[in-house]
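Protein chains in written order, with my numbering: chain A, 1 to 185; chain B, 186 to 370.
Below, the structure written as structure tokens:
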């Protein structure tokens, strides 16, 4: 998301959509290291100054694009019970975030983001998905931990190891984290 | 650390020391955004090509400097019992890493680090300190969790929240994480 509020359908929103699309296309065609603001502006059909005014620099633009790509586009699946729901979500989260593309987006989201707003949005996306799962569980009458506990015991270890300590990062590890988090519920 | 092996006392080590010192001095004098390879090389008394040959680019050099700054320079304090030792360590880790300087070093360590080697070293530093604390505890006859459990339950939540979710990140939070990790021991 850009640093300014965007009115859906307005010119501002159209500029954002075309610039984001240009970044994704050019990154796919030429690789991230070939991206420059003039190249992106040309593809998006805007002036470089529009990009600089809106995003400040390339790193901030890449961070905004990354956060958009990290936004979940589906509701967590309903497998009928909390352990199954949270395990499936954690395995999918790990698959997506630990992939080369996922890692690149996480790095971009963190690095062009001096005020931490984009990193905060990534965390909010995970918290929203977990809240859906936990609310569904309590609706079934299941005992459930709170969202922050699942962030601490499942999301944080997965993301920490993706960024800092990737050895042994597999589905079985995600399953153990979920089992430990729910054991405390 | 640089990408190549460095023989202590050799020319390679002297170049690394002078270039790292130049980065620290210039960052303090002019701010990180003013840093350039030619400026750093001039201050270090080497040619820019020496820096490019050794580090590839500025981002990689800043990442190496950051990891050196994040290396602990003291052994964890001995307070006579595992809960006190681990709590004191976690509070200090949080203080250092959550400070503006600490956050900047973490970001640098992650950013100029495509192969993840520097991020891995940051994690190894924490694991080594925790191992000292846990080994001392078992030597006293105390029950202790293993290092990876403390990474998952204390280090990962602290680092995740520093990077993604800083609200409510205080000493009391670090104390709760340690209590929960030791409760399972």
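Every residue gets a Cβ at the ideal spot worked out from N, C-alpha and C, and that includes glycine.
{"Item": "Rounded C-alpha distance that separates residue 343 of chain B from residue 25 of chain A", "Value": "36 Å"}
{"Item": "Residue 118 of chain A versus residue 124 of chain A - alpha carbon distance", "Value": "10 Å"}
{"Item": "Interface residues of chain B facing residue 48 of chain A [CB-CB closer than 7 Å]", "Value": "Under the 7 Å cutoff, chain B gives no residues; its nearest Cβ is about 20 Å from residue 48 of chain A."}
{"Item": "Nearest candidate by alpha-carbon position, reference residue 75 of chain A, set A/56, A/169, A/115, A/130", "Value": "A/130"}
{"Item": "CB contact check: residue 255 of chain B to chain A, cutoff 8 Å", "Value": "no"}
{"Item": "Nearest candidate by alpha-carbon position, reference residue 89 of chain A, set A/127, A/107, A/109", "Value": "A/127"}
{"Item": "Element boundaries [alpha helix (DSSP H), containing residue 87 of chain A]", "Value": "82-98"}
{"Item": "Distance between residue 332 of chain B and residue 279 of chain B (C-alpha atoms, nearest Å)", "Value": "18 Å"}
{"Item": "Collapsed DSSP secondary structure at residue 79 of chain A in the structure displayed", "Value": "coil"}
{"Item": "Secondary structure of residue 231 of chain B, DSSP reduced to three states", "Value": "coil"}
{"Item": "Near-chain B residues of the stretch 112-127 of chain A - C-beta to any C-beta below 7 Å", "Value": "116, 119, 120, 122, 123"}
{"Item": "Integer Cβ distance of residue 156 of chain A from residue 345 of chain B, believed to fall under 8 Å", "Value": "4 Å"}
{"Item": "Outcome for residue 362 of chain B when other beta-carbon atoms lying within 10 angstroms are tallied against a minimum of 16", "Value": "buried"}
{"Item": "Environment of residue 32 of chain A [buried if 16+ CB atoms lie within 10 Å]", "Value": "exposed"}
{"Item": "The stretch 249-263 of chain B in contact with the stretch 285-295 of chain B per 3-pair CB rule at 8 Å", "Value": "yes"}
{"Item": "Any chain A beta carbon closer than 8 Å to residue 331 of chain B", "Value": "no"}
{"Item": "Ranges of the alpha helix (DSSP H) found wholly within the stretch 101-150 of chain A, counting only runs of at least 4", "Value": "117-139, 147-150"}
{"Item": "Contacting positions in the stretch 339-356 of chain B - beta carbon closer than 9 Å to chain A", "Value": "340, 341, 342, 343, 344, 345, 346, 348, 349, 350, 351, 352, 353"}
{"Item": "Neighbouring residues, chain C, relative to residue 64 of chain A (Cβ below 7 Å)", "Value": "Included in the structure are the protein chains A and B, with no chain C among them."}
{"Item": "Rounded straight-line distance, which links the Cα of residue 263 of chain B to that of residue 82 of chain A", "Value": "42 Å"}
{"Item": "As assigned by DSSP and simplified to three states, the class of residue 258 of chain B", "Value": "coil"}
{"Item": "Cβ-heavy atom distance, residue 45 of chain A to the ligand NAP, below 7 Å", "Value": "The ligand NAP is not part of this structure, which contains no ligands at all."}
{"Item": "DSSP state of residue 355 of chain B mapped onto helix, strand, coil", "Value": "coil"}
{"Item": "Nearest residue (CA-CA) to residue 115 of chain A, options A/13, A/54, A/60, A/154", "Value": "A/60"}
{"Item": "8 Å Cβ cutoff met for residue 220 of chain B and residue 110 of chain A", "Value": "no"}
{"Item": "N- and C-terminal bounds of the alpha helix (DSSP H) containing residue 155 of chain A", "Value": "Looking at the DSSP string, residue 155 of chain A is not in any alpha helix (DSSP H), and its letter there is neither H nor E."}
{"Item": "Test: residue 316 of chain B CB closer than 8 Å to a CB of chain A", "Value": "no"}
{"Item": "Distance, residue 235 of chain B Cα to residue 252 of chain A Cα", "Value": "Since the displayed chain A opens at 1 and closes at 185, residue 252 of chain A lies outside it and no answer follows."}
{"Item": "8 Å Cβ cutoff met for residue 85 of chain A and residue 133 of chain A", "Value": "yes"}
{"Item": "Where residue 112 of chain A falls, given that 16 or more other Cβ within 10 Å makes a residue buried", "Value": "buried"}
{"Item": "Alpha-carbon spacing of residue 19 of chain A relative to residue 27 of chain A, whole angstroms", "Value": "12 Å"}
{"Item": "Residue 338 of chain B, buried or exposed, once every other Cβ within 10 Å from all chains shown has been counted against 16", "Value": "buried"}
{"Item": "CB contact below 8 Å: residue 295 of chain B versus chain A", "Value": "yes"}
{"Item": "With 16 other Cβ atoms within 10 Å as the buried cut-off, status of residue 145 of chain A", "Value": "buried"}
{"Item": "CB of residue 120 of chain A within 8 Å of CB of residue 349 of chain B, strictly", "Value": "yes"}
{"Item": "Beta-carbon neighbours of residue 270 of chain B, restricted to chain A and to distances below 7 Å", "Value": "Those do not exist, as residue 270 of chain B stays about 21 Å from chain A at its closest Cβ, beyond 7 Å."}
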